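All residue numbers for the sequence shown refer to my numbering, where the first residue is 2 and numbers rise by one.
Here a beta-carbon is modelled for each residue, glycine too, at the ideal position from N, C-alpha and C.
Please read all numbers here as calculations on a predicted model, not as lab measurements.
Right, one structure below, let's go through it.
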Amino acid sequence: MSEPRSKAQHRRRRSRTALAVGVPLALTAAGTFTYGTDLGILGSSGRQASAATPTWASDTADGFASVNSLGQNGTYGGRGGKTVTVRTLADLEKYATAAEPYVIVVAGTITMNPVGKEIKVKSDKTIVGQGTAGHIVGGGFFLGQGVHNVIIRNLTIRDAYQGIWNDKDHDFDAIQMDGAHHVWIDHNDLRHMADGLIDVRKDSTNVTVSWNKLSDNNKTFGIGWTENVKTDITIHHNWIRETEQRNPSTDNAAHAHLYNNFLEDAPGTAIKSAYGNYSRGGTKMVLENSLFQGVNNPVIKDSGAAVVQRGNSFSGTSGRNESGGSAFDPKTYYPYTLDKATDLPSVLKAGAGPRASIGTTAASTKAAAATTLTVAQDGSGQYRTVQAAVNAVPANNPSRVVIAVKPGTYRELVKVPSNKPHVTIQGTGGSRKDTTIVYNNASGTPKPGGGTYGTGGSATVAVEADDFQARNLTISNDFDEKANQSLDGHQAVALRTAADKVFLDGIIVSGDQDTLLLDTASKDRLGRVYVSNSYVIGNVDFIFGRATAVVDKSVITLKKRWNGTSAGYITAPSTAANRKGILIANSTVNGDVSAGSFHLGRPWHAGGDASLDPQTTVRNTSLSNAVRSTPWTDMSGFSWKDDRFAEYKNSGSGAGPASSDRPQLTDAQAADQEVADWLAGWTPSAS
């Protein structure tokens, strides 16, 4: 992609619906990005892992725990902190109550002393069982006021029961939170406790509870204990069986989204269900595609509460099954995909609870087992180069192939051809900086057989296969512009995608001009790309192309040009008409550049194609003062005002009020420009 991209001077004039100043949604603008020190530009001093990091320690929450609010941008736990393995109560308590972030791997059975002890977990922690070995016996965890960004996964927490069924004296919970926020409870087995299995109390919010087994208890899951209507909670893919009450009981929750849960009361057992899902007080509940089997009073609601039911299935149930009132649309807040209610017994019996293979996540339990190919420069893997591993993937492979790349710098070109879908390239180090794929081709670089590479051909990593994923690594183009002033083209792509359902999670993409090319296989093909929890670094048009692309919960870092000047453009969309272009949401734009020196974007009409309709929306994002007060600009004779460029509820010193040079979406327009609208029914998930 040249600068300017085309000498064509065609100018298009089309009427547009005026964009006006809107009113804030419930979403809070993105604040400081605090994923640790992977890039060396944010957070506190770096740390080295002292134990092998579980492959899913880099996962982030879905549901309401993923929503940016209260100054917290999603839930990622201790990622970026030190990884420690614990086998004793003393060590578990030491690291769980520490001020700094930790990934805490529980590698055996830990018995609480005294019985009923609840460890007071501090913020920024991931507590995860090693395979199925992580057991907490006779107690659990407490998350107090203001504690946030906590993940509890893959553990069995059990056996604090004191012999009294409706125990009023022993408040021994598996997991209790009072005033906490951004908490993810996932893939655990919680059972046989003296009081509740999970208590979400006192305005705790932004909580996701997913893929757990909850059983053998009187009180399962209580939500509320406050007159305030503040809690936002997502409860999905949980297997709740042989429990009496609170399955869950949801009191005064502002937004309670329950989907794909399996509530089972088996015949001939001593424990009988009193009720299933209960919407109390002022709760607004959306209940979708859940299965109730043998449950008494499967769905009940108070007169002032709401329950909107869709797609649920009831087998052998009796008593109250109620709905009514108006609630909310969960897809306004986050994307998700529903399983059929009738499939849940097989899905959850296979997938809920702790996993023997810690890499088996919620989204992958229904898929065929992944094949793993290892890459290591020192010969300790199956292959020494990433491309050699890609070459080993069979054509038209039907299921996931994970290419696990050990730490090191791999100076090579990598291409994933279109006939090799379902490939994941994943670094195995403790940081995304530990594994780097890098090369230095540019548009003007001579090819061995003659000619030059061109912009797309300069890519260090080129992805042409659908359902591709990359995580926990750096992809870079280190072309030296200063040393190559004689070359005609300085466009130097680090990563090019030309495929659909591309998920880039927890990576760094680094370059100068044209760093990240998000393309499609052809002009008439859809190409959806979701970039999450990542860093994108560059200076000129460094997020560009015709894909339907989301950059979410990420940091966009602005660089100076090769000669030390500060000037550039973040996006250059070349969107086809009637498609969505580039959406930057819930992110941060920063960098060591001069104030007022960067545009948010400009329209790229590739080849002078006037039929294109470029689009960039930047919303709920923190903008540094590097962003110009007139953030959009023309390109190659095409006016940005004839295309689709807008902002919504951005913050920071680089944000500004609405004007003819700075259009803002209205609330109604913004409601149609959410992440879920871009992904169009696809829910990216780690696999």
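* Limits of the unbroken beta strand (DSSP E) element including Tyr570 -> To locate residue 570, count along the sequence shown from 1; it is residue 569. Element bounds for Tyr570: Gly569 to Pro574.
* Asked: Are Asn621 and Asn69 closer than 8 Å when you measure CB to CB?
  -> Within the sequence shown, residue 621 is the residue found at index 620, counting from 1. Within the sequence shown, residue 69 is the residue found at index 68, counting from 1. Yes, they are a contact pair.
* If you drop the 5 nearest sequence neighbours on each side, which residues of the same chain put their C-beta closer than 6 Å to that of Ile583? -> Position 582 of the sequence shown, counted from the start, is the residue given in the question as residue 583. Around Ile583: Ala550, Thr572, Pro574 and Thr617.
* Can you list, in chain order, the residues of its chain whose CB lies under 6 Å from that of Tyr334, leaving out five sequence neighbours each side? -> Reading the sequence shown from its first residue, position 333 is the one you call residue 334. Closer than 6 Å at Cβ, skipping near neighbours: Val68.
* For the region 526-542 against the region 498-512, are there 3 or more C-beta pairs whose distance is under 8 Å? -> yes
* Asked: So Gly320 packs on Lys302, CB below 8 Å; how close in whole Å?
  -> Within the sequence shown, the letter at position 319 stands for residue 320. Within the sequence shown, the letter at position 301 stands for residue 302. That pair is no contact at about 13 Å.
* To do: Could you tell me whether any non-hydrogen atom of the ligand COA is closer than 7 Å to the CB of Gly140?
  => The ligand content of the structure shown is nil, which means the ligand COA is not present either.
* Take Pro531 and list the residues in its own chain whose beta-carbon comes closer than 6 Å to its own, dropping the five residues that flank it on each side. => Numbered from 1 along the sequence shown, position 530 holds the residue referred to as residue 531. According to the sequence provided, residue 531 is Tyr. The question's Pro does not apply to it. Contacts found: Phe504, Val551 and Pro685.
* Asked: To which residues does DSSP link Arg311 through a beta bridge?
  -> On the sequence shown, residue 311 is found 310 positions in, with the first residue counted as 1. Note: Arg311 sits in a beta bridge opposite Glu289.
* Asked: What is the rounded straight-line gap between the Cα of Asp644 and the Cα of Trp633?
  -> Numbered from 1 along the sequence shown, position 643 holds the residue referred to as residue 644. Numbered from 1 along the sequence shown, position 632 holds the residue referred to as residue 633. Asp644 and Trp633: Cα-Cα distance of roughly 11 Å.
* To do: Indicate whether at least one CB of chain B lies closer than 8 Å to the CB of Ile241.
  => The chain inventory of the structure shown lacks chain B, comprising one protein chain alone.
* Under 7 Å Cβ to Cβ from Lys448, same chain only, skipping five residues before and after it: list those, please. => Counting from one through the sequence shown, the residue named residue 448 turns up at place 447. Counting only Cβ-Cβ distances below 7 Å, and skipping sequence neighbours, we find Tyr454.
* Spatial neighbours of Lys121 within its chain, please: CB distance less than 7 Å, with the 5 preceding and 5 following residues excluded, ordered by chain position. => Stepping through the sequence shown from its first residue, residue 121 is reached at position 120. By the criterion of a C-beta distance shorter than 7 Å, Lys121 is surrounded in its chain by Thr98, Phe143 and Gly145, once the five residues flanking it on both sides are discounted.
* Between Trp705 and the rest of its own chain, which residues show a CB-CB distance below 6 Å, the 5 nearest in sequence each way excluded? -> Limits of the chain in this structure are 2 at one end and 688 at the other, which puts residue 705 out of reach.
* **Length of the line joining the Cα atoms of Tyr649 and Glu289** => Here residue 649 refers to the residue found at position 648 when the sequence shown is read from its first residue. Here residue 289 refers to the residue found at position 288 when the sequence shown is read from its first residue. Spanning the two alpha carbons is a distance of roughly 30 Å.
* Helix or strand or just coil, what does DSSP make of Asn485? -> Reading the sequence shown from its first residue, position 484 is the one you call residue 485. Helix, per DSSP.
* To do: Within the same chain, show all residues whose beta-carbon is closer than 6 Å to that of Gly197, passing over the 5 residues directly before and after it, in chain order.
  => What you label residue 197 is simply residue 196 of the sequence shown in a count that begins at 1. Asp174, Lys220 and Gly223, listed in sequence order.
* Asked: Which ranges does the beta strand (DSSP E) cover as unbroken runs of at least 3 residues, wholly within the region 150-175, from first to last along the chain?
  -> 157-159
* Beta-carbon spacing of Phe329, His237 below 8 Å -> Here residue 329 corresponds to residue number 328 of the sequence shown, with the count starting at 1. Here residue 237 corresponds to residue number 236 of the sequence shown, with the count starting at 1. Taking 8 Å as the Cβ cut-off, Phe329 and His237 do not qualify as a contacting pair.
* Could you tell me which of Asn298, Asn392, Thr437 and Ile272 sits nearest to Gly317, measuring between CA atoms? => For the purposes of this step, residue 317 is taken as residue 316 along the sequence shown, with counting starting at 1. It is Asn298 whose Cα lies nearest to the Cα of Gly317.
* Tyr96 - DSSP class collapsed to helix/strand/coil -> For the purposes of this step, residue 96 is taken as the residue at position 95 of the sequence shown. Three-state DSSP puts Tyr96 in a helix.
* Asked: Within 10 angstroms of its Cβ, does Ile557 collect 16 or more other Cβ (buried), or is it exposed?
  -> What you label residue 557 is simply residue 556 of the sequence shown in a count that begins at 1. So Ile557 ends up on the buried side.
* Could you check what DSSP says for Gly592 in three-state terms: helix, strand or coil? => Here residue 592 refers to the residue found at position 591 when the sequence shown is read from its first residue. The three-state secondary structure of Gly592, taken from DSSP, is coil.
* To do: Please list, in chain order, all residues of the same chain as His606 whose beta carbon is under 6 Å from its beta carbon, the five residues on each side excluded.
  => Within the sequence shown, residue 606 is the residue found at index 605, counting from 1. Beyond the five residues adjoining it in sequence on each side, His606 comes within less than 6 Å, by CB distance, of Leu613 and Phe639 in the same chain, given in chain order.
* When DSSP builds the beta bridges, which residues end up paired with Ile105? -> On the sequence shown, position 104 is the one that residue 105 refers to. Per DSSP, Val85 and Ile128.
* What alpha helix (DSSP H) runs, 4 residues minimum, are completely inside the region 418-489? -> Listed in chain order, the complete alpha helix (DSSP H) runs (minimum 4 residues) inside the region 418-489 are 455-458.
* On the DSSP bridge assignment, give the partners of Trp185 in chain order. => As a first step, residue 185 must be located in the sequence shown, where it is residue number 184. Paired residue(s): Ile152 and Thr209.
* Under 8 Å between C-beta atoms of Met113 and Gly135 -> Here residue 113 is taken as the residue at index 112 of the sequence shown, counted from 1. Here residue 135 is taken as the residue at index 134 of the sequence shown, counted from 1. No, the Cβ-Cβ distance between Met113 and Gly135 is not below 8 Å.
* Buried/exposed call for Gly41, threshold 16 Cβ in 10 Å -> Working through the sequence shown from its first residue, we reach residue 41 at position 40. Caution is warranted here: a pLDDT of 29 is assigned to Gly41, below 50, making its placement in the model unreliable, and no coordinate value can be reported.
* To do: Under 8 Å by Cβ, that's how I've got Thr374 and Thr436 pegged, so tell me the actual separation to the nearest angstrom.
  => Start at 1 with the first residue of the sequence shown, and residue 374 comes out as number 373. Start at 1 with the first residue of the sequence shown, and residue 436 comes out as number 435. Checking the sequence shown, residue 374 turns out to be Leu, not Thr. Contact between Leu374 and Thr436 is ruled out by a C-beta separation of about 14 Å, above the 8 Å threshold.
* When you compare each of Val348, Leu517, Ser535 and Asp520 to Ile509 by their alpha carbons, which one comes out closest? -> Residue numbering aside, residue 509 sits at position 508 when the sequence shown is read from its first letter. Of the listed residues, the one whose Cα sits closest to Ile509 is Ser535.
* Where does Asp350 land, buried or exposed, given buried means 16+ other C-beta within 10 angstroms? -> Here residue 350 refers to the residue found at position 349 of the sequence shown. Per the sequence shown, the amino acid found at residue 350 is Lys instead of Asp. Its Cβ having fewer than 16 others within 10 Å, Lys350 is exposed.
* **Per DSSP, cross-strand counterpart(s) of Lys416** => Residue numbering aside, residue 416 sits at position 415 when the sequence shown is read from its first letter. In DSSP, Lys416 forms a bridge with Ala463.
* For Thr366, does the three-state DSSP call read helix, strand or coil? -> Residue 366 sits at position 365 when you count from the first residue of the sequence shown. Reliability of the predicted coordinates at Thr366 is poor, the pLDDT of 37 falling under 50, and the value obtained from them is presented with this limitation in mind. Note: Thr366 maps to coil in three-state DSSP.
* Between which two residues does the beta strand (DSSP E) harbouring Ser598 extend? -> As a working mapping, residue 598 is identified with position 597 in the sequence shown. Note, Ser598: premise wrong, no beta strand (DSSP E); not H, not E.
* Candidates Val387, Val590, Lys554 and Val151: which alpha carbon is nearest Phe543's? -> Looking up residue 543 in the sequence shown gives position 542. Ranking Val387, Val590, Lys554 and Val151 by Cα distance to Phe543 puts Val590 first.
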